[in-house]
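S.K.:
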(Lines of atoms letter the chains of each structure in order from A and count residues from 1; the text may use other names and numbers.)
(Lines give C-alpha, C1' and ligand atoms only; values in the text may rest on other atoms or scores of the structure.)
Protein backbone atom coordinates (compact mmCIF):
# COMPACT_ATOMS: atom_id res chain seq x y z
CA UNK A 1 0.00 0.00 0.00
CA UNK A 2 1.55 3.34 -0.99
CA UNK A 3 2.05 5.90 1.74
CA UNK A 4 -0.50 8.77 1.89
CA UNK A 5 1.93 11.36 0.49
CA UNK A 6 2.53 9.20 -2.61
CA UNK A 7 -1.17 8.58 -3.40
CA UNK A 8 -1.69 11.91 -5.23
CA UNK A 9 1.32 11.15 -7.44
CA UNK A 10 -0.06 7.70 -8.26
CA UNK A 11 -3.47 9.21 -9.08
CA UNK A 12 -1.95 11.81 -11.44
CA UNK A 13 0.12 9.23 -13.29
CA UNK A 14 -2.68 6.65 -13.31
CA UNK A 15 -5.52 8.86 -14.54
CA UNK A 16 -3.46 10.37 -17.34
CA UNK A 17 -2.71 6.94 -18.74
CA UNK A 18 -6.08 5.26 -18.04
CA UNK A 19 -7.74 6.38 -21.23
CA UNK A 20 -5.09 4.76 -23.46
CA UNK A 21 -3.93 1.63 -21.68
CA UNK A 22 -5.17 -1.46 -19.90
CA UNK A 23 -5.28 -1.54 -16.08
CA UNK A 24 -2.15 -3.70 -15.84
CA UNK A 25 -0.18 -1.36 -18.07
CA UNK A 26 -1.37 1.64 -16.04
CA UNK A 27 -0.25 0.03 -12.81
CA UNK A 28 3.10 -0.90 -14.31
CA UNK A 29 3.69 2.56 -15.78
CA UNK A 30 2.48 4.26 -12.61
CA UNK A 31 4.83 2.19 -10.53
CA UNK A 32 7.77 2.93 -12.83
CA UNK A 33 7.01 6.66 -12.79
CA UNK A 34 6.70 6.59 -9.02
CA UNK A 35 10.04 4.81 -8.68
CA UNK A 36 11.74 7.38 -10.92
CA UNK A 37 10.18 10.27 -9.00
CA UNK A 38 11.14 8.77 -5.64
CA UNK A 39 14.69 8.17 -6.84
CA UNK A 40 15.00 11.78 -7.99
CA UNK A 41 13.52 12.99 -4.71
CA UNK A 42 15.97 10.86 -2.68
CA UNK A 43 18.84 12.28 -4.71
CA UNK A 44 17.62 15.84 -4.18
CA UNK A 45 17.20 15.29 -0.45
CA UNK A 46 20.70 13.86 -0.14
CA UNK A 47 22.18 16.60 -2.32
CA UNK A 48 23.34 13.99 -4.81
CA UNK A 49 22.42 13.96 -8.47
CA UNK A 50 21.02 10.53 -9.35
CA UNK A 51 21.71 9.80 -13.02
CA UNK A 52 22.18 6.05 -12.85
CA UNK A 53 19.68 4.14 -14.97
CA UNK A 54 20.99 0.70 -14.03
CA UNK A 55 20.14 -0.01 -10.41
CA UNK A 56 22.87 -1.28 -8.13
CA UNK A 57 25.68 0.24 -10.18
CA UNK A 58 27.60 3.46 -9.84
CA UNK A 59 27.38 6.11 -12.48
CA UNK A 60 30.35 5.95 -14.82
CA UNK A 61 32.89 8.79 -14.58
CA UNK A 62 32.04 9.83 -18.13
CA UNK A 63 28.43 10.52 -17.07
CA UNK A 64 29.25 12.74 -14.10
CA UNK A 65 31.75 15.17 -12.76
CA UNK A 66 33.78 13.04 -10.35
CA UNK A 67 34.75 16.02 -8.23
CA UNK A 68 31.08 16.88 -7.63
CA UNK A 69 30.34 13.36 -6.39
CA UNK A 70 33.59 12.73 -4.59
CA UNK A 71 33.24 13.45 -0.87
CA UNK A 72 36.89 14.46 -0.45
CA UNK A 73 39.82 15.10 -2.74
CA UNK A 74 41.86 12.77 -0.50
CA UNK A 75 39.45 10.27 1.05
CA UNK A 76 40.17 7.75 3.78
CA UNK A 77 40.29 4.07 2.94
CA UNK A 78 37.51 2.27 4.88
CA UNK A 79 39.80 -0.70 5.58
CA UNK A 80 42.96 1.01 6.87
CA UNK A 81 41.71 4.62 7.41
CA UNK A 82 44.72 6.13 5.62
CA UNK A 83 44.39 9.07 3.25
CA UNK A 84 45.02 8.22 -0.39
CA UNK A 85 44.95 9.81 -3.83
CA UNK A 86 42.09 8.63 -6.05
CA UNK A 87 43.00 7.09 -9.39
CA UNK A 88 39.32 6.99 -10.29
CA UNK A 89 36.61 9.46 -9.21
CA UNK A 90 34.50 6.73 -7.59
CA UNK A 91 37.37 4.89 -5.87
CA UNK A 92 36.58 4.03 -2.23
CA UNK A 93 39.63 1.95 -1.21
CA UNK A 94 43.33 2.76 -1.41
CA UNK A 95 44.29 -0.61 -2.97
CA UNK A 96 42.31 -3.51 -4.45
CA UNK A 97 43.41 -5.90 -1.68
CA UNK A 98 41.71 -3.67 0.92
CA UNK A 99 38.52 -3.65 -1.15
CA UNK A 100 38.67 -7.43 -1.48
CA UNK A 101 39.27 -7.91 2.27
CA UNK A 102 36.36 -5.58 3.11
CA UNK A 103 34.02 -7.32 0.66
CA UNK A 104 35.04 -10.84 1.77
CA UNK A 105 34.46 -10.00 5.43
CA UNK A 106 31.12 -8.35 4.60
CA UNK A 107 30.04 -11.38 2.58
CA UNK A 108 30.79 -13.80 5.43
CA UNK A 109 29.07 -11.59 8.00
CA UNK A 110 26.01 -11.12 5.80
CA UNK A 111 25.59 -14.87 5.33
CA UNK A 112 25.44 -15.26 9.10
CA UNK A 113 23.36 -12.26 10.13
CA UNK A 114 20.95 -11.75 7.21
CA UNK A 115 18.64 -14.71 8.00
CA UNK A 116 18.44 -13.53 11.61
CA UNK A 117 17.57 -9.98 10.55
CA UNK A 118 14.99 -11.25 8.05
CA UNK A 119 13.23 -13.43 10.64
CA UNK A 120 13.39 -10.66 13.21
CA UNK A 121 11.87 -8.17 10.80
CA UNK A 122 9.20 -10.53 9.47
CA UNK A 123 8.09 -11.43 13.01
CA UNK A 124 8.47 -7.79 14.14
CA UNK A 125 11.08 -8.74 16.72
CA UNK A 126 9.01 -11.64 17.99
CA UNK A 127 5.66 -9.89 18.34
CA UNK A 128 3.99 -11.58 15.31
CA UNK A 129 3.89 -15.14 14.00
CA UNK A 130 6.47 -17.46 15.55
CA UNK A 131 7.22 -15.27 18.56
CA UNK A 132 9.93 -17.43 20.13
CA UNK A 133 11.94 -17.76 16.93
CA UNK A 134 11.48 -14.09 16.05
CA UNK A 135 12.54 -12.91 19.49
CA UNK A 136 15.61 -15.16 19.50
CA UNK A 137 16.59 -14.19 15.95
CA UNK A 138 16.35 -10.48 16.79
CA UNK A 139 18.43 -10.87 19.94
CA UNK A 140 21.11 -12.90 18.14
CA UNK A 141 21.23 -10.46 15.23
CA UNK A 142 21.74 -7.56 17.64
CA UNK A 143 24.53 -9.42 19.45
CA UNK A 144 26.29 -10.22 16.16
CA UNK A 145 25.96 -6.66 14.87
CA UNK A 146 27.45 -5.34 18.10
CA UNK A 147 30.28 -7.88 17.85
CA UNK A 148 30.99 -6.91 14.23
CA UNK A 149 31.02 -3.20 15.15
CA UNK A 150 33.43 -3.87 18.03
CA UNK A 151 35.71 -5.95 15.78
CA UNK A 152 35.83 -3.13 13.23
CA UNK A 153 36.60 -0.52 15.88
CA UNK A 154 39.37 -2.65 17.37
CA UNK A 155 40.89 -3.17 13.91
CA UNK A 156 40.69 0.58 13.16
CA UNK A 157 38.21 0.29 10.30
CA UNK A 158 35.67 2.89 9.19
CA UNK A 159 32.27 2.89 10.90
CA UNK A 160 29.44 1.52 8.74
CA UNK A 161 27.36 4.71 8.63
CA UNK A 162 30.37 6.63 7.29
CA UNK A 163 31.11 3.90 4.74
CA UNK A 164 27.52 3.93 3.50
CA UNK A 165 27.59 7.73 3.27
CA UNK A 166 30.66 7.45 1.00
CA UNK A 167 28.91 4.86 -1.17
CA UNK A 168 25.85 7.10 -1.52
CA UNK A 169 28.02 10.09 -2.41
CA UNK A 170 29.72 8.04 -5.12
CA UNK A 171 26.35 7.13 -6.62
CA UNK A 172 25.93 3.53 -5.50
CA UNK A 173 22.22 2.67 -5.30
CA UNK A 174 21.40 -0.67 -3.64
CA UNK A 175 17.74 -0.64 -4.68
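Numbering (the working numbering), first residue to last: 238 to 412. No residue lacks a Cβ here, since even glycine has one placed at the ideal position from N, Cα and C. Note that the structure is predicted; figures quoted are calculated from it, not measured.
CA-CA distance, residue 314 and residue 389?
M.R.: Distance between the alpha carbons of residue 314 and residue 389: 13 Å.
S.K.: In chain order, what residues of the same chain have a beta carbon less than 8 Å from the beta carbon of residue 370, not counting five sequence neighbours either side?
M.R.: The answer, listed in chain order, is 356, 360, 363.
S.K.: Please determine, among 358, 405, 353, the residue with the shortest C-alpha to C-alpha distance to residue 377.
M.R.: It is 353 whose Cα lies nearest to the Cα of residue 377.
S.K.: For the candidate residues 341, 385, 358, 381, whose alpha-carbon lies nearest to that of residue 372?
M.R.: Closest by alpha carbon: 358.
S.K.: State the Cα-Cα distance for the pair residue 324 and residue 310, rounded to the nearest angstrom.
M.R.: Cα-Cα distance, rounded: 11 Å.
S.K.: Under 8 Å by Cβ, that's how I've got residue 407 and residue 327 pegged, so tell me the actual separation to the nearest angstrom.
M.R.: Sure, about 5 Å apart at Cβ, within 8 Å.
S.K.: Per DSSP, which residues does residue 320 bridge with? Please list them.
M.R.: Paired residue(s): 313.
S.K.: Between which residues of its own chain and residue 404 is the CB-CB distance below 6 Å, once the five residues before and five after are set aside?
M.R.: Hits under 6 Å: none found.
S.K.: According to DSSP, is residue 325 helix, strand or coil?
M.R.: Three-state result, residue 325: coil.
S.K.: Mind checking residue 374: buried by the 16 CB within 10 Å criterion, or exposed?
M.R.: Label assigned to residue 374: buried.
S.K.: Could I get the ranges of all uninterrupted alpha helix (DSSP H) runs contained in the segment 318–384, with 4 residues as the minimum, in chain order?
M.R.: Segments of the alpha helix (DSSP H) lying fully in the segment 318–384: 333–359.
S.K.: Determine the burial state of residue 394: buried for a count of at least 16 other Cβ atoms within 10 Å of its Cβ, exposed for fewer.
M.R.: By the neighbour-count rule (16 or more Cβ atoms within 10 Å), residue 394 is buried.
S.K.: Report the rounded CA-to-CA distance for residue 397 versus residue 383, giving the unit in angstroms.
M.R.: The alpha-carbon atoms of residue 397 and residue 383 are separated by roughly 12 Å.
S.K.: DSSP three-state label for residue 396, please.
M.R.: Three-state result, residue 396: coil.
S.K.: Less than 8 Å between the C-beta atoms of residue 312 and residue 321, yes or no?
M.R.: Against a cut-off of 8 Å, the Cβ pair of residue 321 and residue 312 comes out as a contact.
S.K.: Quick check on the burial criterion: 16 or more other C-beta atoms within 10 angstroms. Buried or exposed for residue 329?
M.R.: Buried: at least 16 other Cβ atoms inside 10 Å.
S.K.: In whole angstroms, what is the alpha-carbon distance linking residue 319 and residue 331?
M.R.: In a straight line, the C-alpha of residue 319 is about 8 Å away from that of residue 331.
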